[in-house]
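One structure is given here, and the rest of the page talks about it.
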Amino acid sequence: MRIPRIYYPDDFKENSKVDLTAKAFNHLKVLKLNIGKKVEIFNGKGKVTVGVVENLGRDTLTLKIHEKITQEKEISPEINLGVSNIRNFDKVVKDSSQMGVTSLTSLMTSRTKLRNLKEEKVIRWNSISSSSCEQSGLNWIPKISQMKLENWVENSNNKSKYFLDPKAKLFIGNIKEFSAIDLVIGPEGGFSSDEESFLKQKNFVGVNCGDLIIKTESMPIVVLSMLKVINGAN
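This is the structure in structure tokens:
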């Protein structure tokens, strides 16, 4: 039987005890874990180990860590994804996190209908992302943020820069192998002509996904799958 996994954002050390958060406790309570059962915990930054349930109260659960702590390297290749903000951005967060994206940004574009930048959204998305990593076995949680398209583009530092454009001549599957990439996905109606010009001015190259007609909320998992194949990732 698979050992339950729990995200624990605070630091932990060997031969120490950790008290789980209310969210983690409620999750494990559903699994009806007893004292002595093993639980895997990770901090979202590559650190992972296994603890044993030592104390179980009505609303608290304490783990005793006695196994070796492993520090994994960051997921390779580095993929920074910017996606136009949509109503179902929760799905974008869930799918992208499970695919091992490095960072995910909700972008405000000229055609974005939802234009309010609220910190509460980022908090919820971080919760969705950590849950997705718990389920998928990934130990690195992506950095999630929201900003205007122009700011995201200006902050792009990688050599490999692309934006989805159905009119582009380059097929995304023909992108050369990379160690780091910045990719931006626009809204249903695509980027405006001014935004396309701005992206090209900042050395972003347009790529297409062939004849696929896919909603913005489903596009990230398609694109990320293709990028993983390009780099030979599992």
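Once you know that position 220 of the sequence shown is 223 in our numbering, the rest is easy, because the numbers rise by one and skip nothing. Even for Gly, the Cβ is constructed at its ideal location relative to N, Cα and C.
In this structure, the beta-carbon distance from Ser-132 to Ile-147 falls below 8 Å. Counting only the Cα atoms, Ala-25 lies some 23 Å from Ile-72.
Around the beta-carbon of Val-232, fewer than 16 other beta-carbon atoms lie within 10 Å, marking it exposed. Straight-line spacing of the CA atoms in Lys-94 and Met-222 works out to 11 Å. A contact is defined here as three or more CB-CB pairs under 8 Å, and the region 139 to 146 fails this definition with respect to the region 170 to 185.
At the C-beta level, Ile-216 and Met-102 stay beyond 8 Å of one another.
According to the DSSP assignment, Asn-58 belongs to the beta strand (DSSP E) that extends over 50 to 59. Sixteen is the threshold: since fewer than 16 other Cβ atoms of the shown chains lie within 10 Å of the Cβ of Lys-35, the residue is exposed. If you look at Leu-202, you'll find it in the alpha helix (DSSP H) that goes 196 to 204. In the structure shown, the three-state DSSP call for Ala-183 is strand. Unbroken alpha helix (DSSP H) runs of no fewer than 4 residues, entirely contained in the region 59 to 92, are not found. Beyond the five residues adjoining it in sequence on each side, Asn-58 comes within less than 6 Å, by CB distance, of Thr-65 in the same chain, given in chain order. Between Val-56 and Lys-40, the gap from beta carbon to beta carbon is short of 8 Å.
For the pair Val-187 and Leu-110, the CB atoms are nearer than the 8 Å cut-off. Gly-209 is positioned such that its CB atom lies closer than 8 Å to that of Asp-168. A contact between stretches requires three or more CB pairs, one per stretch, nearer than 8 Å, and the region 124 to 131 fails this requirement with the region 157 to 172.
For the region 133 to 164, the continuous beta strand (DSSP E) assignments of 3+ residues that do not extend past its boundaries occur at 146 to 151, in sequence order. Ranked by Cα distance from Thr-115, the options Asn-160, Val-86, Glu-122, Pro-7 are led by Val-86.
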